[in-house]
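Input: a single structure, listed below in structure tokens.
Protein chains: 4
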Amino acid sequence: MSTSSKVGIAVVGAGYWGPNLIRNFRAADDWDLVAVCDLDVERAQKALGARSGVEVHADLVDVLARDDVDAIAIATPARTHQDIALTAMRAGKHVLVEKPLADSVANGSAMVDLARSQDVVLMADHTYCYTPAVQKIRELIADGALGEILFIDSVRINLGLVQPDVDVFWDLAPHDLSILDFILPDGLRPEGVAAHGADPLRAGKSCVGYLTMPLPGGAIAHVHVNWLSPTKIRQMVIGGSRRTLVWDDLNPQQRISVYDRGVDLAQVSADDRTAATISYRLGDTWAPALPEREALGSMVAEYAACIRDKRASLTDGAAGLRVLSVLEAASASLVTGGSLVDPDTRTVEREAV
Amino acid sequence: MSTSSKVGIAVVGAGYWGPNLIRNFRAADDWDLVAVCDLDVERAQKALGARSGVEVHADLVDVLARDDVDAIAIATPARTHQDIALTAMRAGKHVLVEKPLADSVANGSAMVDLARSQDVVLMADHTYCYTPAVQKIRELIADGALGEILFIDSVRINLGLVQPDVDVFWDLAPHDLSILDFILPDGLRPEGVAAHGADPLRAGKSCVGYLTMPLPGGAIAHVHVNWLSPTKIRQMVIGGSRRTLVWDDLNPQQRISVYDRGVDLAQVSADDRTAATISYRLGDTWAPALPEREALGSMVAEYAACIRDKRASLTDGAAGLRVLSVLEAASASLVTGGSLVDPDTRTVEREAV
Amino acid sequence: MSTSSKVGIAVVGAGYWGPNLIRNFRAADDWDLVAVCDLDVERAQKALGARSGVEVHADLVDVLARDDVDAIAIATPARTHQDIALTAMRAGKHVLVEKPLADSVANGSAMVDLARSQDVVLMADHTYCYTPAVQKIRELIADGALGEILFIDSVRINLGLVQPDVDVFWDLAPHDLSILDFILPDGLRPEGVAAHGADPLRAGKSCVGYLTMPLPGGAIAHVHVNWLSPTKIRQMVIGGSRRTLVWDDLNPQQRISVYDRGVDLAQVSADDRTAATISYRLGDTWAPALPEREALGSMVAEYAACIRDKRASLTDGAAGLRVLSVLEAASASLVTGGSLVDPDTRTVEREAV
Amino acid sequence: MSTSSKVGIAVVGAGYWGPNLIRNFRAADDWDLVAVCDLDVERAQKALGARSGVEVHADLVDVLARDDVDAIAIATPARTHQDIALTAMRAGKHVLVEKPLADSVANGSAMVDLARSQDVVLMADHTYCYTPAVQKIRELIADGALGEILFIDSVRINLGLVQPDVDVFWDLAPHDLSILDFILPDGLRPEGVAAHGADPLRAGKSCVGYLTMPLPGGAIAHVHVNWLSPTKIRQMVIGGSRRTLVWDDLNPQQRISVYDRGVDLAQVSADDRTAATISYRLGDTWAPALPEREALGSMVAEYAACIRDKRASLTDGAAGLRVLSVLEAASASLVTGGSLVDPDTRTVEREAV
């Protein structure tokens, strides 16, 4: 621990996401941001601004050698997560990793295993799970307000940067998958994953992608991710047997709408299914008030609490692994033209918890 | 022909869709609505209103026997289309059929064949193709305003009536597929069809459905149809190499937006693809003015023109068959868990035109 | 009464609004549309369509002479309302008048007086009052769901036809004023009316208009009407001490939103008002389900019920007079540069009821 | 000047707005934030965050005594602006003042006069004028894209903090008025100001307000400000003789829409004005691309440029005075029940420039 009652943190990587972490660790009462690490020290300095008392390092070794660094937050490309995380955990540091946890299930598993043996916190920065909207959705599902989940349709499209090393699934779908993992009572455990992608620009990887995931009990989850759309849509429809919820993340005045509206099917004998047995509920709509709170603020608070209370995070390594399992299954499905692939998320959990 | 210069028309079926046809044939200068046919004559009478001079028949034979009936419009369940259409064409009447053209490719083909040998007009009521929005989209694509088509994503979800005899694909996707057929320069000719559905209510058929269709040249089309959504979305995103178009049918103030915005990929050697070669256009948005015109009014005008000019319709039997081919391929894909099925739309066209 | 149990109705005027009335009287079980009257008989015939059994007259005298005409509906320019209505009422016919009731308080009063002495129904076609949304708003206010009304802001702007004989206040504001009269528990009784208008096109009359109306108890109502706006807005915000309601008539998926959100002011002594005494409620939003029903259908049903039950309508002549009083006060304010003018709606009511 | 090539700045006031200024001065290449001044030093320290090298002062005198402070930015209540600004200018410092410039025309004038005699920059932080949207609007009007301005309607409503010392006009309308001043080619020079307010909560001041301002040439500007609305609206409609522009600040995907749609009036003799002479343009809509840039970043850059180039700002003291003149006229109108009051903005300009 650092000399104060605050937890000392170093941010590793000052590129796209790092500055957001820097800002939030700085503003948090729980944390003392003591260092930023980036090969490009000028970039790190710029992220901190002038007249800053936070130190900048080019070499991770120097960061990990510091006594006032209790924990690190990794915001580097996914292919580097495993190395940095393992090195830091061996030095006894707690580790937070930007999504996705790693670039493969195997590498993610190694991280989960080492965290357990070193007895340090390993947490995935599944940022969306810390938004007031997703927290409310999780709560509503847990309370049974939606009933049994029938379908989930998630759309995340935008004009996005075509990434040099990952396709649109690995870039954007971790958001949707980590949210699904967070809100579903048993986590994300699809019965299969079918992926369809397109590379119409000949960029060498899918820029448009669709994921279909049959869920236990006849339900279905579907994700549309797209780098080529000029309009931005971030919307999730969660159909339940009692109510249906629509989350429109780009409508700050009414992010969540809960519709007491749906189709009911009376119990009928198998040979007597007709339209007559179906009835409609056309009830009211309800939009719960959501606090105005930045997700990253809640996320860094959860990280501090996990360290203090020596407990697993709501978005722990196992959650990160379940997301990786679906991503790997998607990649496998893609090369077979869209066949259903078993993500085997059950095994994942057993190892991780 | 009826004694006047107008074409005499009878509407067959006064259920859900029939009254809309009745209203439009009545209001059209080209047409003289002389009869309505429905087994339920009271329903037919109600659709016409009191003090109407239009005759009502319960028996199709009586309608077809009338000299003042030059043409009919069929608005009955899809499984009855073939019988009614064949009988009418044998009686020398022109035939308009509500979507889908028939309940199978085989039955649709029989209709197309008979229309040719009888030399009568066979037209599919692909209503959306006659909206000002879709007409404009077709024109923009034909003029090259969008460039090469890269992806098409269509969403049509709503709280819908769970149909007794068809699933959500056969109920709703004909709209999307007929639009795709209409706007694509070569019609709808996907390289395959993969369908995923869910029946979480145990209604005995898919209530949520996803269609994925690889298109020639690496493009992709995707359709989401859903009976269980409490919110209504009718939106199509058409990504092109020059511009991208978004059609939001529920925004009457700006149904079509054309974005001069996108991702460009510079020509690079195969071994040197990196993010650096990609550039963005963040240009203006343009929303073309669209006339306020009811689609059905344009559709019945096209029907009259085809009869008068003895020409094929923009939405002729061949178009209807291409839609049926994709629907049959989707049903076949569904039973195999989502594998890609060849809809063989090329053969369809050769026979039909 | 006509020979059937239905009430016989004739529509006078087949211009812009008449066809809507024709369609609704035709479709209603209560009514038997027997005649349409218009100086331009071709226009009347066109509104009825071919093969119609409804008679067309050019002369009002002929209509009023018919025994099967129990009631008429007037859809002619406002300056002709009084003459037609008085003539019809003298012939013993019930009268429905398109908004505004008349072109002056004096003329409207004459109509109200004659209706009373002739014992016939005089009803104003304040169509919006029969929409499910306005009916729900009236109900919520009556039930106290909003608490005490604090402010009402109504916007009705659109690219509109610059009328030859009336300004934008007399053309559009009758909608807003009749709605206010309908939903306010005591009807529309402002303490004054201030009007500001602009004629930037030099059309000879206001094309942009603002009405400000202090209400009893410190509340305020404000109306913005505008013929020159390329975007269409029809929105009313009704602020209450308990909740605030927003009615967005162009959002069919959520026309009414009720916000349990607002500012509370603790009771404080007059010399101690500070920001500290104010608290916020940031509660949930609730959107009541509204039936899908055409307002004109409900309006003609109310007209029939009033005749049958010999009772005053919810939008009777007195309501029409209160609207006229405000419009006249607005015209008076306009010529004085916006000074507050007393509409004297109290007198109006005493005479009318 | 501070020893570096950067301009040394101190922010005075670390309450609501100060932290935004702190963040932007810190991030700007032009500036060196050297001090923050607040009576509540803890609040100032918190705004800076831990490990900051920026000094905190409780006393303005200490700030002004520093050689490395070239300029200050005032973010304190309006009633304190004059004192702080005059003191700073007497010490030779440049001054930026949060809106409104002062709490009266007299006080604002004193500031403008002293700035001139001391030869320092006096700039009003009319933040909205530095948004890409408002800059584009100014440019479009200057280029004649809208033609002659016919009407401007501005709505700024929200659940707002009821301020202890100012009413809703003085709190919110400075935004609208400074924007009008910025985009109108001759600045904001209404022919009169009429204000209507309501205090339905009995807070001791207007919480709902309407400003009507006849403009030269028959045009009109109108502003609706409201602290009690549960929905947030920030929208301005600018009607022109050629095109009409709608600015919806809460729609980041299409903030500005330019409608080539409107009403045309043919030249007619005065005694022959009829509807027939009016025609409609129903043209396309165009939404210019806007850069993603924070307004405050551009504002602080303009402040630096004014100091360096020794020139007046786009939002200089004279602009601030014109806004104050309208606010004072509004207050005067309010006590007379809404009569038109002359803001005398012409004099203002002559003195100020």
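Chains as they are written, first to last, in numbering that gives the first Met the number 0: chain A, 0 to 352; chain B, 0 to 352; chain C, 0 to 352; chain D, 0 to 352. Where a beta carbon is used, it is the ideal one built from N, C-alpha and C, also for glycine.
Next on the checklist: Please classify L244(A) as buried or exposed, where buried requires at least 16 neighbouring CB atoms within 10 angstroms.
Outcome noted: Against the first sequence, residue 244(A) aligns to sequence position 245. L244(A) comes out buried.
Next on the checklist: Using 8 Å as the cut-off, can you tell me whether the stretch 21-31 of chain B makes contact with the stretch 160-168 of chain B, which would need three or more C-beta pairs spanning the two stretches below that distance?
Outcome noted: no
Item to check | The beta strand (DSSP E) enclosing A70(B), as first and last residue numbers | outcome: Here residue 70(B) refers to the residue found at position 71 of the second sequence. Where A70(B) is concerned, the enclosing beta strand (DSSP E) stretches over 70-73.
Checklist entry - For P287(B), is the classification buried or exposed, using 16 other Cβ atoms within 10 angstroms of its Cβ as the cut-off for buried? => result Taking the second sequence and counting its residues from 1, one reaches residue 287(B) at position 288. Its Cβ being crowded by 16 or more others within 10 Å, P287(B) is buried.
Checklist entry - Who does F168(A) pair with in a DSSP beta bridge? => result Taking the first residue of the first sequence as position 1, residue 168(A) is located at position 169. Note: F168(A) sits in no beta bridge, so no partner.
Next on the checklist: What residue range does the beta strand (DSSP E) around Y302(A) cover?
Outcome noted: Within the first sequence, numbered from 1, the residue matching residue 302(A) stands at position 303. Looking at the DSSP string, Y302(A) is not in any beta strand (DSSP E); the run it does join, the alpha helix (DSSP H), is 294-308.
Checklist entry - Does the Cβ-Cβ distance between L176(C) and V60(C) come in under 7 Å? => result Walking along the third sequence from the start, residue 176(C) turns up at place 177. Walking along the third sequence from the start, residue 60(C) turns up at place 61. No. Outside cutoff.
Checklist entry - Any heavy atom of the ligand ATP closer than 6 Å to the CB of D341(B)? => result Of the ligands one can find in the structure shown there are none, so the ligand ATP has no counterpart to examine.
Checklist entry - Does DSSP classify T335(C) as helix, strand or coil? => result One-based indexing of the third sequence puts residue 335(C) at position 336. Here T335(C) carries a coil assignment [DSSP, helix/strand/coil].
Checklist entry - Under 8 Å Cβ-Cβ, which residues of chain B neighbour Y258(A)? => result In the first sequence, the residue the question calls residue 258(A) occupies position 259. Chain B residues near Y258(A): P229, T230.
Next on the checklist: Rounded to whole angstroms, what is the Cα-Cα separation between S256(D) and D308(B)?
Outcome noted: Looking up residue 256(D) in the fourth sequence gives position 257. Looking up residue 308(B) in the second sequence gives position 309. C-alpha separation (whole angstroms): 43 Å.
Checklist entry - What are the residues of the stretch 40-56 of chain C that lie near chain B, defined by any Cβ-Cβ distance shorter than 7 Å? => result G48, A49, R50, S51, G52, V53
Next on the checklist: Determine, for T2(C), whether the minimum Cβ-Cβ distance to residues of chain B falls below 7 Å.
Outcome noted: Along the third sequence, read from residue 1 onward, the residue named residue 2(C) stands at position 3. For T2(C), the pLDDT reaches just 44, beneath the cut-off of 50, and the residue's location in the model is therefore unreliable, leaving the point undetermined.
Next on the checklist: Between Y15(A) and chain D, is the shortest Cβ-Cβ distance under 7 Å, so that the two count as touching?
Outcome noted: Residue mapping note: residue 15(A) aligns to position 16 of the first sequence, counting from 1. No, Y15(A) lies away from the interface with chain D (no Cβ there is under 7 Å from its Cβ).
Item to check | Meets three-Cβ-pair contact criterion under 8 Å: the stretch 134-151 of chain B and the stretch 234-250 of chain B | outcome: yes
Item to check | Cα-Cα separation, L132(B) to P251(B) | outcome: The residue given as residue 132(B) occupies position 133 in the second sequence. The residue given as residue 251(B) occupies position 252 in the second sequence. The amino acid occupying residue 132(B) in the given sequence is Ala; Leu does not appear at that position. Approximately 10 Å between the Cα atoms of the pair.
Item to check | Closer than 8 Å at the beta carbon, the chain A residues around R201(B) | outcome: Numbered from 1 along the second sequence, position 202 holds the residue referred to as residue 201(B). Within chain A, the residues near R201(B) are G217, L264.
Next on the checklist: Between P342(B) and chain D, is any beta-carbon pair separated by less than 7 Å?
Outcome noted: Along the second sequence, read from residue 1 onward, the residue named residue 342(B) stands at position 343. Judged by the 7 Å Cβ criterion, P342(B) is not in contact with chain D.
Checklist entry - Using a C-beta cutoff of 7 Å, does R292(B) count as contacting chain C? => result In the second sequence, residue 292(B) corresponds to position 293, counting from 1. Not an interface residue.
Checklist entry - In chain order, what residues of the same chain lie with their CB nearer than 8 Å to the CB of L200(B), ignoring the 5 residues before and after it? => result Along the second sequence, one-based indexing puts residue 200(B) at 201. Excluding residues within five positions, the ones whose Cβ falls inside 8 Å are V161, C206, L227.
Checklist entry - Does any C-beta atom of chain A lie closer than 7 Å to the C-beta of L289(C)? => result Locating residue 289(C) in the third sequence gives position 290, counting from the first residue. Judged by the 7 Å Cβ criterion, L289(C) is not in contact with chain A.
Item to check | Distance CB(H223(D))-CB(V154(D)) smaller than 7 Å | outcome: Here residue 223(D) refers to the residue found at position 224 of the fourth sequence. Here residue 154(D) refers to the residue found at position 155 of the fourth sequence. The answer is yes: Cβ separation under 7 Å.
Next on the checklist: Let's test the definition: count the other Cβ atoms within 10 Å of the Cβ of E97(A) and tell me whether it reaches 16, buried, or not, exposed.
Outcome noted: Here residue 97(A) is taken as the residue at index 98 of the first sequence, counted from 1. Classification for E97(A): buried.
Item to check | CB contact below 7 Å: V167(A) versus chain B | outcome: Translated into positions along the first sequence, residue 167(A) becomes position 168. No, no contact with chain B.
Item to check | Same chain, Cβ closer than 6 Å to V119(C), neighbours up to 5 away in sequence not counted | outcome: Stepping through the third sequence from its first residue, residue 119(C) is reached at position 120. Closer than 6 Å at Cβ, skipping near neighbours: M88, H93.
Next on the checklist: Considering Cα atoms alone, identify which of D31(A), K5(A), H80(A) is closest to V11(A).
Outcome noted: Sequence index remark: in the first sequence, residue 11(A) carries index 12 (1-based). Among D31(A), K5(A), H80(A), the Cα nearest to that of V11(A) belongs to H80(A).
Checklist entry - What residues of chain C sit near Q234(B), judged by a beta carbon separation below 7 Å? => result In the second sequence, the residue the question calls residue 234(B) occupies position 235. Below the 7 Å Cβ cutoff, chain C contributes no neighbours of Q234(B), its closest Cβ being approximately 13 Å away.
Next on the checklist: Based on DSSP bridge pairs, tell me the residues matched to P213(A).
Outcome noted: Counting from one through the first sequence, the residue named residue 213(A) turns up at place 214. According to DSSP, P213(A) bridges with I219(A).
Next on the checklist: Let me check one thing: in DSSP terms, what residues is A141(A) bridge-paired to?
Outcome noted: Translated into positions along the first sequence, residue 141(A) becomes position 142. The partner list for A141(A) (beta bridge, DSSP) is empty, contrary to what the question assumes.
Item to check | Proximity below 7 Å, CB of L95(C) to CB of D67(C) | outcome: The residue you call residue 95(C) lines up with position 96 of the third sequence. The residue you call residue 67(C) lines up with position 68 of the third sequence. Taking 7 Å as the Cβ cut-off, L95(C) and D67(C) do not qualify as a contacting pair.
Next on the checklist: Can you check which of these residues, R260(A), N157(A), V55(A), G48(A), is closest to R242(A) by C-alpha distance?
Outcome noted: If you number the first sequence from 1, residue 242(A) lands on position 243. The option with the nearest alpha carbon to R242(A) is R260(A).
Item to check | Distance CB(A57(C))-CB(V35(C)) smaller than 7 Å | outcome: Taking the third sequence and counting its residues from 1, the one referred to as residue 57(C) is at position 58. Taking the third sequence and counting its residues from 1, the one referred to as residue 35(C) is at position 36. For A57(C) and V35(C), no; Cβs fall outside 7 Å.
Item to check | Pair within 7 Å by beta-carbon distance, G319(C) and G143(C) | outcome: Taking the third sequence and counting its residues from 1, the one referred to as residue 319(C) is at position 320. Taking the third sequence and counting its residues from 1, the one referred to as residue 143(C) is at position 144. No; because the gap between Cβ atoms is not below 7 Å, this pair is not in contact.
Checklist entry - What does L281(A) reach in chain C if we use C-beta pairs closer than 7 Å? => result Sequence index remark: in the first sequence, residue 281(A) carries index 282 (1-based). Correct list: A288.
Item to check | According to DSSP, residues forming a beta bridge with N225(D) | outcome: Position 226 of the fourth sequence, counted from the first residue, corresponds to residue 225(D). Paired residues: I156(D), V207(D).
Next on the checklist: For a contact defined as C-beta to C-beta under 9 Å, what are the partners of A303(A) on chain D?
Outcome noted: The count along the first sequence starts at 1 and reaches residue 303(A) at position 304. The premise fails here: A303(A) is roughly 15 Å from chain D at the closest Cβ pair, so nothing lies under 9 Å.
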